[in-house]
Amino acid sequence: MFNSLKQIPFTVPTSPHGPGCRTGLKKGEHHSLDDSSASGRSEPTSPTGKRPSVEIPGAYALGSIDPALYKVADEDDHYDIPPDHIGRIWFATEYDRETEKLMVTVIKARNLPSRTQGLDNACDPFVRLYLMPDERRYLQSKMRKKTCHPKFEETYVFQVSHRALEERVLKLTVLDVDRHKRHQVIGHALYPLREHDCENNVRLVIWRDLEREVSECTANKGEILVSLCYNNHLERLTIGLFETRDMCTTPPTAPGIDAYVKITLMIQNKPVKVKKTELAKKTTNPNFNESFTFKVANSSLDSASINLSVMQHNTGLKDKQLGRIVLGSFMFARNKELDHWNEMLANQREQILHWHTLT
1 MFNSLKQIPF
11 TVPTSPHGPG
21 CRTGLKKGEH
31 HSLDDSSASG
41 RSEPTSPTGK
51 RPSVEIPGAY
61 ALGSIDPALY
71 KVADEDDHYD
81 IPPDHIGRIW
91 FATEYDRETE
101 KLMVTVIKAR
111 NLPSRTQGLD
121 NACDPFVRLY
131 LMPDERRYLQ
141 SKMRKKTCHP
151 KFEETYVFQV
161 SHRALEERVL
171 KLTVLDVDRH
181 KRHQVIGHAL
191 YPLREHDCEN
201 NVRLVIWRDL
211 EREVSECTAN
221 KGEILVSLCY
231 NNHLERLTIG
241 LFETRDMCTT
251 PPTAPGIDAY
261 VKITLMIQNK
271 PVKVKKTELA
281 KKTTNPNFNE
291 SFTFKVANSS
301 LDSASINLSV
311 MQHNTGLKDK
321 QLGRIVLGSF
331 MFARNKELDH
341 WNEMLANQRE
351 QILHWHTLT
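Residues 1 to 359 in the UniProt record's numbering are what the sequence shown lists, from first letter to last.
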């Protein structure tokens, strides 16, 4: 599964009192998100009538966004659709450390499944946003009617401290309202907020492929030992994959799994080359001890990234991703993964070895 991180300019609206915007919540004041008089939004109906969203203190709708800010995401509308694909969702995150506000913009989704085979308009989708581990409360988008390729362009704000942010995971659940007004879950996408750059108030556009089920091992899926080396004379990037530890296997009680790592070289967020390790069989913490080389020009280093996905092989079934990391420049990686990349560039032709936490 690939993902994309793009840094783009963003300007916070100067006043929250304009049309379609909701003001911040005062202390002790809570507004349900289905309050159409306050937010201009309506919740999809259910057979039992209108059901209010669960209130989240300190969370509210900011209003619609300027679509011109997100034209960069439209480049990714057409992509290779993997087997059993149930859709892809684009969203943006920004954290203001001074005010401790996390802003999440749901931008769009593509290739959602249709209720009627052969039609691309038999879907009425909407999105719910959770800050896990709290799954009882959520924020919710408007419903988009008769489309498998909805545009949402709605922004929401969560009040969350910097200390708590690194322990939270943003979960987006895409649902369809069927012809009987029932809510059917299409799939989920997760984004661990420890991957976000909380120090520099950077706004990122991200995409995730939807999954029918999400792992309960969200907080920690294990670690992998990786080495990086770049030879600027040969323009050669070498990635070494060695061992893993504390892997979150599926199911957790499994005596052992067959696993491999998929290595994808990305240039400007587009996959250029994919390689795989040998299969490590019947193990809970697979060792690989393999290295891979890629031709990467010096001029392409700022636009390059490496996606490492640890995959569980299932004979006769679709392989399952157990965890992943992204190594690359500041446009694509954060925290230890970015530091590892920069250390490699500062010490060319040396092997730089670090452990990385899978997400």
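C-beta atoms are modelled at their ideal positions from N, C-alpha and C, and glycine is treated no differently.
Sequence-distant Cβ neighbours of H313 in its own chain, meaning closer than 7 angstroms and more than five residues away, are D258, A259, Y260, L279, D319. Rounded to whole angstroms, K145 and P125 show a C-alpha spacing of 7 angstroms. Using a Cβ distance threshold of 8 angstroms, K171 and G323 do not count as a contacting pair. Secondary structure in the UniProt domain "C2" (85 to 206): the alpha helix (DSSP H) runs of 4 residues or longer, each lying completely within the stretch, are 162 to 165 in chain order. By the C-beta density criterion, G328 is buried, having at least 16 other C-beta atoms within 10 angstroms. Counting along the chain, A346 sits inside the alpha helix (DSSP H) bounded by residues 335 to 346. The distance from the Cβ of K142 to that of K108 is about 13 angstroms, inconsistent with a contact at the 8 angstroms cut-off.
In the DSSP annotation of this structure, the continuous segment of the beta strand (DSSP E) that includes L237 starts and ends at 236 to 245. Between L204 and T357, the beta carbon gap of about 19 angstroms keeps them out of contact (Cβ cut-off 8 angstroms). Contact between S305 and V326 holds, since their C-beta atoms are separated by about 6 angstroms, short of 8 angstroms.
Taking all protein chains shown into account, H233 has fewer than 16 neighbouring C-beta atoms within 10 Å of its C-beta and is therefore exposed.
In the structure shown, S305 falls within a strand segment according to DSSP collapsed to helix, strand and coil.
T116 sits exposed, since fewer than 16 C-beta atoms from the chains shown fall within 10 Å of its C-beta. The DSSP-derived three-state label of N231 is strand. Of the other Cβ atoms in all chains shown, 16 or more fall within 10 Å of the Cβ of E223; this residue is therefore buried. With contacts defined by Cβ atoms closer than 8 angstroms, T244 and N285 form a contacting pair.
Between L139 and Y156, the gap from beta carbon to beta carbon is short of 8 angstroms. The beta carbons of V296 and E235 sit about 6 angstroms from each other, so the pair counts as a contact at 8 angstroms.
Judged by beta-carbon spacing, F242 lies within the 8 angstroms limit of N289, meaning their Cβ atoms are closer than that value.
Close CB contacts of L165 within its chain, under the 8 angstroms cut and outside five residues either way in sequence, are with Y95, L102, L193, R194, H196, C198 (chain order).
With respect to L237, T293 sits close: the two C-beta atoms are nearer than 8 angstroms. Relative to the Cα of D176, the nearest Cα in the group W341, G118, G187 belongs to G187.
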